[in-house]
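*Asks:* In the working numbering, the protein residues as written are 5 to 442.
Before I ask anything, let me first share the structure, which is written out below as structure tokens.
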Ligand code: CA
């Protein structure tokens with residue numbers, strides 16, 4: 005495991021960008037996440053950047069000849085494009101080479117400081133968009149606690165279906181309605197069946213919910229008919245973002261049988277703008293473990309490496325800010341927490357391998373959602389559906405407001421970070437979005 009760590013993970017590294025060196029910095033020099041930005045207000049062209057402290061390193065503004073290695077030059081050009089699909093297609097050798105070059109260039113004492121300084125912008129002065137043109141978006145269901153909690157509400161007599169412990173359950177989502185943090189979400193309309201009613205009506209959803217998830221960006225992809233083995237799955241994984249799979253629970257309850265999620269999910273999915281790379285997450289890999297009594301994965305979903313380092317020790321938080329709280333200048337209230345290593349029944353590598361076992365082809369820039377990350381304890385529920393026990397027990401916010409589901413003007417914020425003794429903390433930033441009236 006230690007062989008994959010290199011000097012870019014050294015916790016003692018400091019950057020000449022001072023804001024990257026504070027203990028709570030989301031984007032220290034050990035992180036270096038990728039995104040696509042332009043100057044705020046629509047000035048400038050969309051182009052690739054890397055976050056460092058509270059700055060963005062404009063990759064398109066770096067003279068290509070300052071790095072001598074051809075691999076780095078090719079990677080730099082691809083990573084500075086208006087979408088990162090071409091960069092993700094290049095593969096790990098190029099990703100790691102660019103990470104190494106940028107780490108060297110941003111370190112204290114770098115000979116490139118003067119030229120790279122000219123390529124820095126403030127994060128407050130830029131706007132972000134989706135980092136890739138997402139061809140396909142698939143959403144999984146990897147938390148057994150979430151699956152059990154939701155199953156109890158929808159099917160009290162049969163909460164966890166027997167296939168759950170064998171198949172990484174997923175469905176094909178809608179990439180066209182992906183949005184980036186900061187874009188507001190219009191409350192959807194749709195068909196619902198009121199309790200006791202004989203016929204459905206159409207109107208605004210009354211049960212808008214969040215789902216706390218991570219998104220995995222796919223790298224080079226595979227040919228149709230050529231599954232990705234679990235041994236090769238890591239090579240397909242570029243990095244992670246935070247993902248909010250907005251859900252209309254009343255639409256969902258009426259439509260989800262027999263074919264699964266449809267309009268209850270497809271109106272919007274919001275992601276954080278910076279992709280934290282798997283290279284940056286390397287120090288936070290953790291063993292993949294199943295509780296005693298749980299079946300072991302079938303052989304195609306099992307490998308020594310997946311057992312040793314398949315999980316990721318990643319902390320997650322959900323905050324809610326109501327309109328009234330915002331008007332009074334209050335801080336968002338934390339309503340739940342989770343840890344990806346503990347909540348997920350399947351690893352990212354298992355998702356990639358299972359997705360392709362039938363020959364389905366993944367393409368560069370595709371997005372896989374992990375499914376809602378709920379833990380086993382109270383306070384670790386990754387959706388309001390679970391926090392309120394199916395809408396029966398409202399949560400109370402500081403100041404006395406209560407919520408069952410989201411009201412117009414409510415903002416949901418996810419945060420995520422990794423920390424471990426002896427390792428530099430890295431963060432994901434946040435994904436935030438506000439519900440607008442129908
Ligand atoms: Ca979901």
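The beta carbon of each residue, even a glycine, is placed where N, CA and C say it ideally should be.
All of these numbers come straight from a predicted model, not from anything done at the bench.
Three or more C-beta pairs under 8 Å: does that hold for the stretch 262 to 274 against the stretch 189 to 199?
*Replies:* A contact exists between the stretch 262 to 274 and the stretch 189 to 199.
*Asks:* Heavy atom of ligand 1 less than 8 Å from the Cβ of residue 143, yes or no?
*Replies:* Yes, ligand 1 has a heavy atom inside 8 Å of this Cβ.
*Asks:* By how many angstroms is the C-alpha of residue 286 removed from the C-alpha of residue 6?
*Replies:* Because the pLDDT at residue 6 is just 41, under 50, the model does not fix this residue reliably, and the value given afterwards should be weighed accordingly. Rounded to the nearest angstrom, the two C-alpha atoms are 9 Å apart.
*Asks:* Consider the Cβ of residue 24: report whether some Cβ of chain B lies at a distance smaller than 9 Å.
*Replies:* Among the protein chains of the structure shown there is no chain B, as only one such chain exists.
*Asks:* Below 8 Å, how does it come out for the stretch 219 to 228 and the stretch 160 to 175: are there three or more Cβ pairs, yes or no?
*Replies:* Too few Cβ pairs lie closer than 8 Å, so no.
*Asks:* Give a yes or no on whether the C-beta atoms belonging to residue 307 and residue 345 are separated by under 9 Å.
*Replies:* No, the Cβ-Cβ distance between residue 307 and residue 345 is not below 9 Å.
*Asks:* Report, in whole angstroms, the separation of the C-beta atoms of residue 417 and residue 336, which I expect to be a contact under 8 Å.
*Replies:* With a Cβ gap of about 6 Å, residue 417 and residue 336 count as contacting.
*Asks:* Express the C-alpha separation of residue 23 and residue 12 in angstroms, rounding to a whole number.
*Replies:* Looking at the two C-alpha atoms, the distance is approximately 18 Å.
*Asks:* According to DSSP, is residue 131 part of a helix, a strand, or is it coil?
*Replies:* In the structure shown, residue 131 sits in a strand (DSSP, three-state: E or B).
*Asks:* Taking the C-alpha atoms as reference points, what is the distance between residue 440 and residue 181?
*Replies:* C-alpha separation (whole angstroms): 16 Å.
*Asks:* Please report the residue range of the alpha helix (DSSP H) in which residue 259 lies.
*Replies:* Note, residue 259: alpha helix (DSSP H), 253 to 259.
*Asks:* With H, G and I counted as helix, E and B as strand and the rest as coil, what does DSSP make of residue 5?
*Replies:* Per-residue confidence for residue 5 stands at a pLDDT of 39, beneath the threshold of 50, marking its modelled position as unreliable; no derived number is given.
*Asks:* Please check the pair residue 365 and residue 236, which I expect to be a contact at CB under 8 Å, by giving their CB distance rounded to whole angstroms.
*Replies:* At roughly 14 Å, the Cβ-Cβ gap does not stay under 8 Å, so residue 365 and residue 236 are not in contact.
*Asks:* Would you mind reading off the limits of the alpha helix (DSSP H) that contains residue 90?
*Replies:* Looking at the DSSP string, the run of the alpha helix (DSSP H) that includes residue 90 is 89 to 94.
*Asks:* Please list the segments of the beta strand (DSSP E) lying wholly inside the stretch 405 to 439, counting only runs of 3 or more residues, in order along the chain.
*Replies:* As far as the stretch 405 to 439 is concerned, its whole beta strand (DSSP E) runs of at least 3 residues are 415 to 422.
*Asks:* Report the rounded CA-to-CA distance for residue 234 versus residue 56, giving the unit in angstroms.
*Replies:* Between residue 234 and residue 56, the C-alpha separation is close to 33 Å.
*Asks:* For the pair the stretch 353 to 363 and the stretch 317 to 335, tell me if three or more CB-CB distances fall below 8 Å.
*Replies:* The stretch 353 to 363 is not in contact with the stretch 317 to 335.
*Asks:* Could you round the C-beta distance between residue 373 and residue 144 to whole angstroms and report it? I think they count as a contact, below 8 Å.
*Replies:* Correct: roughly 6 Å between the Cβ atoms.
*Asks:* Under 6 Å Cβ to Cβ from residue 408, same chain only, skipping five residues before and after it: list those, please.
*Replies:* Correct list, in chain order: 392, 395 and 398.
*Asks:* Using 8 Å for Cβ pairs, my map puts residue 16 next to residue 214. What's the rounded Cβ distance?
*Replies:* Not confirmed; about 38 Å, so no contact.
*Asks:* In three-state terms, what does DSSP make of residue 115?
*Replies:* Of the three classes helix, strand and coil, the one that applies to residue 115 here is coil, per DSSP.
*Asks:* Is the beta carbon of residue 217 within less than 8 Å of some heavy atom of ligand 1?
*Replies:* It does: the Cβ of residue 217 is within 8 Å (strictly closer) of some heavy atom of ligand 1.
*Asks:* For residue 197, which three-state DSSP category applies?
*Replies:* Correct three-state label for residue 197: coil.
*Asks:* Under 9 Å, do residue 436 and residue 415 count as touching if we go by C-beta distance?
*Replies:* Yes. Within cutoff.
*Asks:* Below 8 Å, can you find three or more Cβ-Cβ pairs linking the stretch 283 to 300 to the stretch 200 to 212?
*Replies:* Too few Cβ pairs lie closer than 8 Å, so no.
*Asks:* Does residue 289 come out as helix, strand or coil in the three-state DSSP assignment?
*Replies:* Correct three-state label for residue 289: strand.
*Asks:* Contact check, residue 37 vs residue 281 under 8 Å by CB: the rounded distance?
*Replies:* The Cβ separation is near 7 Å, so the contact holds.
*Asks:* Going straight from the alpha carbon of residue 66 to that of residue 111, what length do you get?
*Replies:* Their Cα atoms are separated by approximately 16 Å.
*Asks:* Within 10 Å of its beta-carbon, does residue 250 have 16 or more other beta-carbons around it, so buried, or fewer, so exposed?
*Replies:* When all chains shown are included, residue 250 counts as buried.
*Asks:* Within the same chain, show all residues whose beta-carbon is closer than 6 Å to that of residue 432, passing over the 5 residues directly before and after it, in chain order.
*Replies:* Cβ neighbours of residue 432 beyond the five flanking positions: 246, 276, 280 and 420.
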